[in-house]
Amino acid sequence: MDTTYLPCWQRRDDRARVRLFCLPHAGAGAGAYRAWTDLGSPDVDVQPVQLPGRDSLAGTALIDDLHTLVSEHLGPAIAQADDLPFVLLGHSMGAALAAEITAFLLRQGHRPPELLIVSAYRGGDDSSRWLPGSSDEELLQDVLSMGGTDPELFSEPSMRQFFLETMRNDIEMLRGYRRGYRRLQVPLLALGGEDDQDVPEDELALWSKRTTVQFTQRMWPGGHFYLHEQPAEVIGHVLETLGQLPASTTHFGRVGSRHG
Numbered sequence: 001m002d003t004t005y006l007p008c009w010q011r012r013d014d015r016a017r018v019r020l021f022c023l024p025h026a027g028a029g030a031g032a033y034r035a036w037t038d039l040g041s042p043d044v045d046v047q048p049v050q051l052p053g054r055d056s057l058a059g060t061a062l063i064d065d066l067h068t069l070v071s072e073h074l075g076p077a078i079a080q081a082d083d084l085p086f087v088l089l090g091h092s093m094g095a096a097l098a099a100e101i102t103a104f105l106l107r108q109g110h111r112p113p114e115l116l117i118v119s120a121y122r123g124g125d126d127s128s129r130w131l132p133g134s135s136d137e138e139l140l141q142d143v144l145s146m147g148g149t150d151p152e153l154f155s156e157p158s159m160r161q162f163f164l165e166t167m168r169n170d171i172e173m174l175r176g177y178r179r180g181y182r183r184l185q186v187p188l189l190a191l192g193g194e195d196d197q198d199v200p201e202d203e204l205a206l207w208s209k210r211t212t213v214q215f216t217q218r219m220w221p222g223g224h225f226y227l228h229e230q231p232a233e234v235i236g237h238v239l240e241t242l243g244q245l246p247a248s249t250t251h252f253g254r255v256g257s258r259h260g
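Everything in the sequence shown is counted per my numbering, starting at 1 for the first residue and increasing by one.
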């Protein structure tokens, strides 16, 4: 398996029967899922995905075109991870990445994910919430208002600057993004926060039109970053969903869970 886009602190669990690749939200990296690596079942190898320009790839150039990021970097890397069945999970911007990676794998004839999980991202027409021309302070306040980001992150000038550069790159990536697929031939699970003002329940439900197979939706207490407020509960639900997939759509059958 190509480990270029896996963080140096993460180790593969050799007991696993399925791998869960987790893609981060805008401005973030693999560290957004660090807590998840201790919460899963031994059957599931949780693998946060790091992106160019952050984490241990901080010395590489940021990429501001989503399709380039997928077709030249993430898609080929995931395609090599064919030693285990796998699931793709993406939160916010990560949902767009996960869906496009799925489309890439299907187009190229590679093994697709057993399940695509999209979180806190609209299923309808693409429209970025981010406006061009925001000052640094306006952008930081907007990010903080959504929750999920520790204000202490911005107290150190170097960290503040690094975050701003990364966030502005990802904003440009999302503003220029248009879906490269219509419907995907994989089961799809859509997750959202009940109080998320940016991705209301009806907008999340439009993901049902993006799959030709099984669609399931689940709402959670909380806002845009609900999943990082209750990681044990969310990953428990993910494991439960994996275990309920029809045998005809999965290669690994039931997956055990510590969370009921």
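Built from N, CA and C at the ideal position, the CB exists for glycine as well. Model, not experiment: these values are computed from the prediction.
Residue i versus residue j: straight-line alpha-carbon distance, rounded
i       : j       : result
Thr-241 : Ala-61  : 37 Å
Ser-257 : Tyr-33  : With a pLDDT of 40 at Ser-257, under the threshold of 50, the predicted position of this residue should be treated as unreliable, and no value is reported.
Tyr-226 : Pro-76  : 30 Å
Leu-51  : Leu-174 : 15 Å
Phe-162 : Arg-54  : 9 Å
Gly-31  : Lys-209 : 31 Å
Glu-100 : Ser-135 : 30 Å
Pro-85  : Glu-137 : 43 Å
His-73  : Thr-3   : 12 Å
Gln-10  : Val-46  : 9 Å
Gln-80  : Tyr-5   : 12 Å
Asp-170 : Asp-198 : 17 Å
Pro-200 : Gly-29  : 25 Å
Thr-102 : Pro-24  : 16 Å
Thr-216 : Glu-203 : 14 Å
Phe-154 : Gln-244 : 42 Å
Arg-160 : Gln-230 : 26 Å
Trp-220 : Ser-158 : 35 Å
Gly-236 : Ala-35  : 13 Å
Neighbourhood of residue i by C-beta distance below 6 Å, restricted to the same chain and skipping five residues each side
i       : result
Ser-248 : Confidence is the limiting factor: at Ser-248 the pLDDT is only 46, short of 50, which leaves the residue's position unreliable, though a coordinate-based value still follows. Once the five neighbours on either side are set aside, Ser-248 has no close Cβ partner at all.
Arg-218 : Leu-191
Gly-223 : Gly-147, Gly-193, Asp-195 and Asp-196
Gln-214 : Pro-187
His-228 : Gly-148
Limits of the beta strand (DSSP E) - the one that residue i falls within
i       : result
Leu-45  : With the sequence shown as reference, residue 45 is identified as Asp, and Leu is not the correct amino acid for it. 44–48 is the extent of the beta strand (DSSP E) around Asp-45.
Arg-12  : That residue, Arg-12, is in no beta strand (DSSP E); it is neither H nor E in DSSP.
Thr-216 : 215–220
Phe-154 : Note, Phe-154: premise wrong, no beta strand (DSSP E); not H, not E.
Ile-63  : Unbroken run through Ile-63: none, as it is neither H nor E.
Gly-193 : 188–193
Val-18  : 18–23
Gly-225 : Note that residue 225 corresponds to Phe in the displayed sequence, not to Gly. Taken as a continuous stretch (DSSP letters only), Phe-225 belongs to no beta strand (DSSP E), as it is neither H nor E.
Leu-115 : 115–119
Residues near residue i by beta carbon distance below 7 Å, same chain, minus five either side
i       : result
Glu-172 : Asp-64
Phe-104 : Val-70, Ser-71 and Gly-75
Gln-141 : none
Thr-68  : none
Val-44  : Ala-16, Val-18, Leu-20, Leu-239 and Val-255
Arg-12  : Asp-45
N-terminal and C-terminal residue of the alpha helix (DSSP H) that residue i is part of
i       : result
Met-173 : 157–175
Leu-146 : One point to set straight first is that residue 146 is Met, not Leu, in the sequence displayed. That residue, Met-146, is in no alpha helix (DSSP H); it is neither H nor E in DSSP.
Cys-238 : Sequence check: residue 238 is Val here, not Cys. Note, Val-238: alpha helix (DSSP H), 231–244.
Leu-105 : 93–108
Leu-204 : 201–205
Pro-76  : 75–79
Sequence-distant residues of its chain with Cβ nearer than 8 Å to residue i (five each side left out)
i       : result
Met-167 : Ala-26, Gly-27, Leu-139 and Val-143
Pro-151 : Leu-144
Val-87  : Val-18, Arg-19, Leu-20, Phe-21, Pro-113, Glu-114, Leu-115, Leu-116, Ile-117, Val-238 and Leu-242
Thr-211 : Leu-116, Arg-183, Leu-184, Gln-185, Val-186, Pro-187 and Leu-188
Leu-206 : Arg-122, Gly-123 and Gly-124
Gln-108 : Gly-75 and Ala-79
Thr-37  : Gln-10, Val-46 and Pro-48
Pro-42  : Asp-13, Arg-15, Ala-16 and Gly-256
Contact belief for residue i with residue j at Cβ below 8 Å, rounded distance in angstroms
i       : j       : result
Val-49  : Cys-22  : 6 Å
Leu-97  : Leu-66  : 7 Å
Leu-106 : Leu-184 : 7 Å
Asp-82  : Arg-111 : 5 Å
Quiz item: Taking three-plus beta-carbon pairs below 8 Å as touching, is the stretch 118–127 in contact with the stretch 79–92?
Solution: yes
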